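Undergrad: Quick one: the structure is below, and I'll ask about it shortly.
Residue numbers (the numbering used here): 2 to 733.
What follows is the structure, given as structure tokens:
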């Protein structure tokens, strides 16, 4: 007589108590991938069959809960497993008496998650069961056995991953691993990678690389594609429509990925990115990828794939993209500011890249200023040097146009040819879109004609598809007509003549409103590698060294605007000459005329000395005749504690213009005379003089920039000889 061994389910040894059956029995169902759900249906049925096992153990069918939300989810992480999260929540709420699974690896393959579940089961008194038996996590022996099962499950996953990884790497090193292909490539059924057979897809890809070669920035390429209505052809990678061609509007990320991807240069690569768990977002399994540097790529096989561009051109594109980044170590991308030399200008003293700052003037116009501020920004030091950007840009522009002028005609012809070629490429893409629309209409027509007229359910749908195709073709033709009306397919004779005529007048092209600041800076970067500036002390002299593309060097010197006369390099000669002319009996207007004829120039790059400026210079030099001043002031004698503004400014040690500003603001007590010069007289005793002196020192410490701006913007309007007095208010 044969005996039958008891099944593991029957050897419960009193572990299941009545209060366990008062709770739920949970059946946890999981498959690692969607493909396993389709191919391994028997495993899924076996897991669902555990429901009957729970009933056999004494649970009512209504008290058996099946959690199958994790079908198609791996057990290596809890973030992507809503079913496991639900199971943990139910256990923690004391709703579960028994958890069943065909094996412990179905529950978790991570030690952290597995032991977290065990701890919750201990606290809530929940039992675990698999085909080998029923386990009580609160029992020491069962807990040790469950821990061993969890460790084996985690190690098993590691071995599976290791075998799969070794297989992937071995196949990738032979260039045979099927990796996702970028736009413009197609994989045949036999695994061969070829260029997309669609001509329009290839034309758009080649156009993107040509545009980047010409425009040099990703934003400019994207703007061109959008302005000309060009779409990107993309093959669907998954789903029912896998392999179908769809057209989508271009995006910045798409253009950037196309320019960066080495496949377009014929290079097969693998391992360009790695997974960083810290950057992974919950609920998004494809996030957390970090781009790796070239030296860390796992596979790099040139010449394996069909190429759109050469490898050298691809490297050049990567260098240009890197240089377009806004960093101090690179020149950065072209932007809309008027500064011409941003990115290529360097300090001749410390050899660091200079930055550009803008000041907004009258009418909102931006005035650039180049500064070497690396020491100040990094170490809190002083500015190395700073100077007006306008004078530097003008100097470099003159040299640039002089260098380009001999090749102006050849450049104009190349520009005409390039414009013609670009229009032809865009027109060809538009015609390919029209051809595709014609095919869609013809296909819809043939489908409609092949249908049985009696089958109205099918005929109505096919008729609707035919009408939609006709409507799309009509709209596309209208868009094409509007496009060609604004941008003819070929350059007209008038346009070619205009290009040749402009070649003879490069300054006109340079200053034309249609030439943008970006265009000018693009030309500068094509022809000039570096511009080094070195200001000679605080003077107006600046040495300039231009290093052209190709290594040729041009050295020169320019004159920058300075704020004061004593900053001029020839100020000692100017002062000596002014004293000499004053001693000879010349008046201020005569001195101004003589100095202008002798080539002396005032600061701020002005062309001529004015009479008032000479009077100020003579006063600062102490060359004003006291007798002349006494004669002018004798008609209006001063009272007690009264000052002429010039004398009080000298007493305080402040600019006379600033003192007149204080009079305007009411900071000093003053009265205006009734003479024709409308002179001012200030009332100030010794205490008031001390207060004004302290006020001047306070304003210098707290408002240096505003005081400098006031000084820069204040000019004296030239008047006839004898109509101005030192104590009359300057006109602003």
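All residues carry an ideal CB built from backbone N, CA and C; glycine is no exception. Because the structure is a prediction, the values reported are computed rather than measured.
Give me the residue from 424, 542, 463, 526 with the minimum Cα distance to residue 486.
TA: Here the closest residue by C-alpha is 424.
Undergrad: Who does residue 536 pair with in a DSSP beta bridge?
TA: 543, per the DSSP bridge assignment.
Undergrad: Tell me where the beta strand (DSSP E) around residue 369 begins and ends.
TA: First-last of the beta strand (DSSP E) with residue 369: 367-373.
Undergrad: Determine the contact status of residue 387 and residue 372, defining contact as a CB-CB distance below 8 Å.
TA: Yes, the Cβ-Cβ distance between residue 387 and residue 372 is below 8 Å.
Undergrad: Hey, out of 339, 201, 186, 611, whose CA is closest to residue 1's CA?
TA: In the structure as shown, the chain begins at 2 and stops at 733. Residue 1 is therefore absent and cannot be evaluated.
Undergrad: Indicate the three-state DSSP secondary structure (helix, strand or coil) for residue 26 in the structure shown.
TA: Correct three-state label for residue 26: strand.
Undergrad: If you measure between the beta carbons of residue 545 and residue 524, is that distance less than 8 Å?
TA: Contact: no.
Undergrad: Just list the alpha helix (DSSP H) runs in the segment 156-236, keeping only unbroken ones of 4 residues or longer that don't cross its boundaries, in chain order.
TA: Listed in chain order, the complete alpha helix (DSSP H) runs (minimum 4 residues) inside the segment 156-236 are 200-216, 219-228.
Undergrad: Alpha carbon to alpha carbon, what distance is there between residue 624 and residue 658?
TA: Looking at the two C-alpha atoms, the distance is approximately 20 Å.
Undergrad: Thinking C-beta only, is residue 151 closer than 8 Å to residue 105?
TA: Yes, these two residues count as a Cβ contact at 8 Å.
Undergrad: If you follow the alpha helix (DSSP H) that residue 399 is in, where does it begin and where does it stop?
TA: Segment 390-405, the alpha helix (DSSP H) holding residue 399.
Undergrad: Identify whether residue 551 lies in helix, strand or coil by the three-state DSSP scheme.
TA: In the structure shown, residue 551 sits in coil (DSSP, three-state: anything other than H, G, I, E or B).
Undergrad: Excluding five sequence neighbours on each side, which residues of the same chain lie with their C-beta closer than 7 Å to the C-beta of residue 176?
TA: Contacts found: 269, 302, 305.
Undergrad: For a quick check, are the C-beta atoms of residue 307 and residue 195 less than 8 Å apart?
TA: Closer than 8 Å, so yes.
Undergrad: Starting from residue 662 and walking both ways along the alpha helix (DSSP H), at which residues does that stretch end?
TA: Start and end: 657-666.
Undergrad: Would you identify the three-state DSSP class for residue 670, choosing helix, strand or coil?
TA: Strand.
Undergrad: Out of 556, 59, 96, which one is the CA nearest neighbour of residue 24?
TA: Of 556, 59, 96, the residue nearest in Cα terms is 96.
Undergrad: Kindly indicate the opening and closing residues of the beta strand (DSSP E) around residue 361.
TA: Segment 356-361, the beta strand (DSSP E) holding residue 361.
Undergrad: Which residue comes first and which comes last in the beta strand (DSSP E) that contains residue 271?
TA: Unbroken beta strand (DSSP E) run through residue 271: 269-271.
Undergrad: For residue 604, which residues of its own chain have a beta-carbon under 8 Å away from its beta-carbon, when the five flanking residues on both sides are left out?
TA: Result list for residue 604: 541, 562, 563, 564, 565, 566, 568, 569, in chain order.
Undergrad: Quick check: the segment 157-166 against the segment 53-72, are at least 3 beta-carbon pairs closer than 8 Å?
TA: Touching, no, given that fewer than three Cβ pairs across the two stretches are closer than 8 Å.
Undergrad: By alpha-carbon positions, which one of 598, 592, 599 ends up nearest to residue 614?
TA: The residue with the shortest Cα to Cα distance from residue 614 is 592.
Undergrad: Just verifying my parser: in three-state terms, what is the DSSP assignment at residue 679?
TA: In this structure, residue 679 counts as coil in the three-state DSSP scheme.
Undergrad: Do you know offhand how far residue 1's Cα is from residue 275's?
TA: Given a span of 2 to 733 for the chain in the structure shown, any question on residue 1 remains unanswerable.
Undergrad: Determine contact between the segment 335-343 and the segment 516-531, defined as no fewer than three beta-carbon pairs at a distance below 8 Å.
TA: With the cut-off at 8 Å, the segment 335-343 and the segment 516-531 touch.
Undergrad: Measure how close the beta-carbons of residue 130 and residue 101 come, nearest whole angstrom, since I'm counting them as under 8 Å.
TA: Residue 130 to residue 101, Cβ: 5 Å. Contact.
Undergrad: Determine the extent of the beta strand (DSSP E) in which residue 347 is found, giving its start and end residues.
TA: Per DSSP, residue 347 belongs to the beta strand (DSSP E) from 346-348.
Undergrad: Quick check: the segment 438-451 against the segment 464-475, are at least 3 beta-carbon pairs closer than 8 Å?
TA: Result yes; three or more Cβ-Cβ pairs closer than 8 Å.
Undergrad: Can you tell me whether residue 18 is helix, strand or coil according to DSSP?
TA: Coil.
Undergrad: Going by beta carbon distance, what residues of the same chain come within less than 8 Å of residue 172, once the five residues before and after it are set aside?
TA: Result list for residue 172: 178, in chain order.
Undergrad: Evaluate residue 522 with the Cβ neighbour count: other Cβ atoms within 10 Å of its Cβ, from every protein chain shown; 16 or more gives buried, anything less gives exposed.
TA: So residue 522 ends up on the buried side.
Undergrad: Given this structure, state the Cα-to-Cα distance separating residue 420 from residue 299, to the nearest angstrom.
TA: Rounded to the nearest angstrom, the two C-alpha atoms are 42 Å apart.
Undergrad: If you follow the alpha helix (DSSP H) that residue 56 is in, where does it begin and where does it stop?
TA: Residues 51-57.
Undergrad: For residue 402, which residues from the same chain have a beta carbon less than 8 Å from its beta carbon, with the 5 sequence-adjacent residues on both sides left out?
TA: Excluding residues within five positions, the ones whose Cβ falls inside 8 Å are 507, 508, 511.
Undergrad: If you pair each beta-carbon of the segment 639-656 with each one of the segment 671-685, do three or more pairs fall below 8 Å?
TA: Verdict: yes, contact present.
Undergrad: Which term fits residue 440, buried or exposed, when burial requires 16 or more other beta carbons within 10 angstroms of its beta carbon?
TA: Looking at its Cβ environment, which holds fewer than 16 other Cβ atoms inside 10 Å, residue 440 is exposed.
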